[in-house]
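From first to last, the protein sequence lines are chains A and B.
Mapping of the first sequence onto the UniProt record's numbering: residues 1 to 193, in sequence order.
Mapping of the second sequence onto the UniProt record's numbering: residues 1 to 139, in sequence order.
Quick reminder that beta carbons are idealized off the backbone N, C-alpha and C, glycines included.
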Amino acid sequence: MNRIFIGALAAGALALTSIQASAQTKLSRNEIINSLQGAQQEVELSADELQKAALENIQKYPGANAPQSLPLADKLATLRQFNLEITFDFDSARIRPESFESVGLIADALHTPYLQGQTFFIVGHTDAKGAREYNLDLSLRRAQSIREALVTTFRVPSDYLYAVGLGEEQLRDPADPDAAINRRVQLINLGYR
Amino acid sequence: MPRWILAVSAALMLTGAPAATAQTVGFADAIKILAASCGNDIESYCKTATLANNGIGQCLVQNQDKVSAKCTEDFAVVTTLIQERLAAQAAAPEICANDARQYCGDRKPGAGHVLRCLLKSERVVSKKCNTAIDLAGYR
Chain A
1 MNRIFIGALA AGALALTSIQ ASAQTKLSRN EIINSLQGAQ QEVELSADEL
51 QKAALENIQK YPGANAPQSL PLADKLATLR QFNLEITFDF DSARIRPESF
101 ESVGLIADAL HTPYLQGQTF FIVGHTDAKG AREYNLDLSL RRAQSIREAL
151 VTTFRVPSDY LYAVGLGEEQ LRDPADPDAA INRRVQLINL GYR
Chain B
1 MPRWILAVSA ALMLTGAPAA TAQTVGFADA IKILAASCGN DIESYCKTAT
51 LANNGIGQCL VQNQDKVSAK CTEDFAVVTT LIQERLAAQA AAPEICANDA
101 RQYCGDRKPG AGHVLRCLLK SERVVSKKCN TAIDLAGYR
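Shown next, in the form of structure tokens:
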């Protein structure tokens with residue numbers, strides 16, 4: 001539902017995007033706002049706790065793939081959230097130009113009064129290919145890279161944004177661990193402090 | 001200078017913003033101009049530069065003798081567009097201060113509470129405050 005669609009563009013943007021016919025997104029600012037707004041009271045969960053839980057999942061249940069999802073999964077699932085795809089260079093946290101617009105849309109959404117003053121996790125996820133520790137680290141670096149772009153280039157207040165990397169510990173489609181749908185950035189609203 | 005103004009208005013038309021005076025555009029619409037006009041140059045000369053901390057911008061400036069004219073021109077446009085939006089966001093609370101007192105005095109300051117109230121009160125809020133909210137991209 002929230003994945004990137006190739007092609008269809010807002011009419012006004014056609015003139016520009018025809019210059020570069022690479023992947024464009026149908027994603028809109030309001031879609032992000034609508035999915036994220038309406039957080040209830042503050043949630044008692046820190047980014048550090050979540051990051052630690054992912055590492056513990058690897059240590060407790062070693063192996064090529066995680067045998068089960070995180071104990072915190074049920075709690076996370078109840079929170080207002082939005083999944084989107086950001087493309088990075090291979091094995092790198094460098095955001096590719098075709099995803100600049102998506103990062104800009106996150107900035108546009110987070111700046112609005114609808115989402116101001118609420119705390120957000122930017123959670124990076126990979127698919128299950130490769131080593132779990134490596135994926136955990138890469139997803140964290142990618143989440144930090146998005147946070148950094150939002151905070152510096154687009155001046156989103158830094159106090160409200162936390163980067164978390166869950167690697168392959170929280171697959172979106174556990175039945176198909178290597179599927180592309182598992183590679184995503186998840187924005188989670190932790191509510192007002 | 002006139003060329004620069006032309007570029008900004010061209011960019012505004014291209015991004016589909018209404019042809020009103022002093023319009024601003026969102027961060028996404030601004031930064032996608034950079035991806036479109038500079039995408040090839042970024043991939044050629046700025047393979048390690050990041051979107052964060054103006055890394056792409058610094059790299060494009062460092063390589064200005066190689067970067068395409070279109071990219072150089074539009075990079076300046078994008079920088080201006082982002083600054084205009086940030087300025088509009090910074091200005092809105094001050095411009096709306098009277099309306100905030102009049103219609104949203106019971107709201108807690110900070111965390112967007114007053115601005116959310118002003119958005120809901122669009123029908124009664126002053127024209128200048130509504131315009132400021134539009135320019136900030138808050139609606």
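Buried or exposed for residue i, please, with buried defined as at least 16 other CB atoms from any protein chain shown within 10 angstroms of its CB.
| i | result |
| --- | --- |
| K32 of chain B | buried |
| Y134 of chain A | exposed |
| D65 of chain B | exposed |
| L16 of chain A | No answer about L16 of chain A holds up, because its pLDDT of 32 lies below 50 and its placement is not dependable. |
| Q83 of chain B | exposed |
| V25 of chain B | buried |
| V124 of chain B | exposed |
| F154 of chain A | buried |
| Y61 of chain A | exposed |
| G110 of chain B | exposed |
| S99 of chain A | buried |
Quick one: grab the DSSP three-state call for residue i.
| i | result |
| --- | --- |
| Y138 of chain B | coil |
| R123 of chain B | coil |
| A132 of chain B | helix |
| F184 of chain A | Residue 184 of chain A is actually Arg in this sequence, not Phe. Of the three classes helix, strand and coil, the one that applies to R184 of chain A here is strand, per DSSP. |
| V123 of chain A | strand |
| V164 of chain A | strand |
| I95 of chain A | strand |
| F100 of chain A | helix |
| F88 of chain A | strand |
| Y61 of chain A | coil |
| A175 of chain A | coil |
| K32 of chain B | helix |
| T48 of chain B | coil |
| P109 of chain B | coil |
| G39 of chain B | helix |
| G57 of chain B | helix |
| D65 of chain B | coil |
| T79 of chain B | helix |
| T112 of chain A | coil |
Tell me, to the nearest whole angstrom, how far the beta carbon of residue i is from that of residue j; I am working on the premise that it is less than 8 Å.
| i | j | result |
| --- | --- | --- |
| G38 of chain A | R96 of chain A | Their Cβ separation, rounded to whole angstroms, is 32 Å, which puts G38 of chain A and R96 of chain A out of contact at 8 Å. |
| I32 of chain A | A109 of chain A | 4 Å |
| A143 of chain A | G165 of chain A | 5 Å |
| E101 of chain A | R132 of chain A | Their Cβ separation, rounded to whole angstroms, is 31 Å, which puts E101 of chain A and R132 of chain A out of contact at 8 Å. |
| L55 of chain A | L136 of chain A | 7 Å |
| residue 196 of chain A | L60 of chain B | With chain A covering 1 to 193 only, the question about residue 196 of chain A has no answer from this structure. |
| R29 of chain A | A28 of chain B | 7 Å |
| F82 of chain A | L187 of chain A | 5 Å |
| I95 of chain B | C71 of chain B | Wrong, their Cβ atoms sit about 35 Å apart, outside the cutoff. |
Bridge partners of residue i, per DSSP?
| i | result |
| --- | --- |
| V43 of chain A | BP columns for V43 of chain A are empty, so no partner. |
| Y192 of chain A | A:Q118 |
| L83 of chain A | In the sequence as presented, Leu is not what sits at residue 83 of chain A; that position holds Asn. N83 of chain A is bridged to A:Q186. |
Any beta carbon from chain B within less than 8 Å of residue i's own beta carbon?
| i | result |
| --- | --- |
| R3 of chain A | Any reading at R3 of chain A must be qualified, since the residue scores a pLDDT of 38, below 50, and its modelled position is unreliable; the value itself is stated next. Closer than 8 Å: no. |
| R183 of chain A | no |
| I95 of chain A | yes |
| S145 of chain A | yes |
| G104 of chain A | yes |
| G130 of chain A | no |
Any C-beta of chain A sitting closer than 8 Å to the C-beta of residue i?
| i | result |
| --- | --- |
| N98 of chain B | no |
| T48 of chain B | yes |
| Q89 of chain B | yes |
| F75 of chain B | no |
| R116 of chain B | yes |
| N63 of chain B | no |
| I42 of chain B | yes |
| A30 of chain B | yes |
| G112 of chain B | yes |
| N130 of chain B | no |
| G137 of chain B | yes |
| L86 of chain B | yes |
Going along chain C, which residues have a C-beta under 7 Å from residue i?
| i | result |
| --- | --- |
| L34 of chain B | No chain C is present in this structure, whose protein chains are A and B. |
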